[in-house]
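Residues in the sequence shown are numbered consecutively from 1313, following the numbering used here.
To start, the structure itself, in structure tokens.
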Amino acid sequence: MLAAEFVRHLAARADGRLVQRPKKEHALVLWWSSQRALVQHAALSGLMAAFDGCWSATFAYDAGVGEFVDVTLARVPSGFDFSGPLQMLFEWVEKQGYVRPGHDGDLYGSLSADAWVGTSVELRGFTAGQTVSYTRSWFGDAANDHATRLWPFVRTGGDGSMAALWLDGDRRTRVVHLGSGSGSLLTCVLAENGLDFLRLLAIGYREICWGEEFAAPPRPWGDSGKIVNGPYRDWLCGTFGVTVPETASEIVREPAEAGGPATGDAFCRWVEDHLDPPPVR
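Right, dumping it as structure tokens:
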């Protein structure tokens, strides 16, 4: 499947959300879209190459057992807490055989063998260079400083949205979301810790980049009534003794959007304080 066809398929799969997003009421949407132009281009270019290699055909995973986890751990920046549940997620994905190589030679993980079923995420920790490039599209010349506070490690939507680890003002690691701007504008703390992020993934949303969906349970998948993310849910609950919430709002306290109404979300406020140029309300 060609990359462009895949992007169109994602738009259809998301019921038009990628190309028919509801109009936002605040005046900063146009500003936000222009700010996101660079990251949108970079993200979609990377996604097209990755998707052509990862999901449009069947590849044998020829890397040695443990290589996906080893590569990921080697990329975790100093000071970030990736141990425990997050590392165990990557280990579980690799043991299940849910890792595929892309055309770029990198390894990409998902929550199931079928990328079209269940919550669509792409697990891949950024290299140091990729992190700087990504943060530069957000923060301009101050990117090197902010790159020490962020580490993207999950693609959350077909529009190029990402989840990352963020070191807050107390140097505590939290999981945050950075919307692409071409679709999702969600910019907030997704989870206070790794385990809650794993619980968020288990709920069953098609993508976790659409904050407006978080107050309601995910829509049913087809007519079968089959539990989405079944094997992943079983592993999560059995390993950690936790339950899966009915809605994302039980975990995501405030699904804020950068450039939107004033918010108390710590990450959204941090982003807005450091954007280049800063937003004007």
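Ideal Cβ placement from N, Cα and C applies to all residues, glycine included.
Quick one: is residue i buried, meaning 16 or more other Cβ sit within 10 Å of its Cβ, or exposed?
| i | result |
| --- | --- |
| D1453 | exposed |
| R1483 | exposed |
| W1463 | buried |
| P1532 | exposed |
| P1567 | buried |
| G1409 | exposed |
| P1530 | buried |
| W1428 | exposed |
| D1471 | buried |
| T1268 | Nothing can be reported for residue 1268: it is not among the residues displayed for the chain, which extend from 1313 to 1593. |
| C1580 | buried |
| S1473 | buried |
| A1570 | buried |
| G1417 | exposed |
| T1384 | buried |
What distance in whole Å lies between the Cβ atoms of residue j and residue i, which are believed to be in contact at a cut-off of 8 Å?
| i | j | result |
| --- | --- | --- |
| P1557 | I1515 | 6 Å |
| L1596 | L1498 | With the chain running from 1313 to 1593 in the structure shown, residue 1596 is simply not present. |
| C1521 | G1493 | 11 Å between Cβ atoms; not a contact. |
| L1507 | A1475 | Not confirmed; about 15 Å, so no contact. |
| H1489 | T1468 | 7 Å |
| L1466 | E1434 | In the sequence on display, residue 1466 carries Val and not Leu. Between E1434 and V1466 the Cβ distance is about 7 Å, and since that is below 8 Å, they are a contact. |
| V1554 | L1548 | 7 Å |
| L1398 | V1411 | About 16 Å; that fails the 8 Å criterion. |
| A1528 | T1575 | The pair is not a contact, with the Cβ atoms about 21 Å apart (cut-off 8 Å). |
With respect to the alpha helix (DSSP H) encompassing residue i, which residues constitute its N-terminal and C-terminal limits?
| i | result |
| --- | --- |
| C1580 | A1578 to H1586 |
| C1500 | Careful: C1500 lies outside any alpha helix (DSSP H), inside the beta strand (DSSP E) at T1499 to A1503. |
| R1448 | A1440 to F1451 |
| W1522 | That residue, W1522, is in no alpha helix (DSSP H); it is neither H nor E in DSSP. |
| T1384 | E1379 to R1387 |
| P1413 | Segment V1411 to P1413 is the beta strand (DSSP E) holding P1413; no alpha helix (DSSP H) there. |
| V1405 | P1397 to Q1408 |
Taking residue i as the reference, give the member of the options with the closest Cα.
| i | options | result |
| --- | --- | --- |
| R1387 | E1403, W1428 and Q1442 | Q1442 |
| L1587 | T1384, L1548, V1381 and R1448 | R1448 |
| T1431 | L1490, V1501, R1511 and L1398 | R1511 |
| H1458 | R1467, D1471, W1428 and D1480 | D1480 |
| G1421 | R1436, K1407, V1429 and W1428 | R1436 |
| G1550 | P1567, W1404, Y1446 and T1559 | W1404 |
| A1425 | L1398, A1440 and E1406 | E1406 |
| L1401 | Y1517, F1552 and D1416 | F1552 |
| D1577 | V1381, C1500 and R1467 | C1500 |
| G1391 | R1467, R1581, W1478 and T1555 | W1478 |
| S1496 | F1509, V1487, A1560 and E1525 | E1525 |
| P1413 | F1438, F1380, A1440 and T1439 | F1380 |
| S1561 | G1523, D1418 and W1450 | G1523 |
| P1573 | E1584, V1564 and I1563 | E1584 |
| R1545 | A1527, S1395 and F1509 | F1509 |
| F1394 | R1518, V1487 and R1565 | V1487 |
With residue i as the anchor, note down where its beta strand (DSSP E) starts and where it stops.
| i | result |
| --- | --- |
| W1478 | M1474 to L1479 |
| G1421 | L1419 to G1421 |
| R1467 | L1462 to R1467 |
| R1511 | From DSSP, R1511 is part of no beta strand (DSSP E) but of the alpha helix (DSSP H) over G1506 to A1514. |
| R1545 | Counting along the chain, R1545 falls outside any beta strand (DSSP E), though it belongs to the alpha helix (DSSP H) covering G1542 to F1552. |
| T1485 | T1485 to L1490 |
Checking contacts by CB at 9 Å: is residue i closer than that to chain B?
| i | result |
| --- | --- |
| S1432 | Looking for chain B here will not work: only one protein chain is present. |
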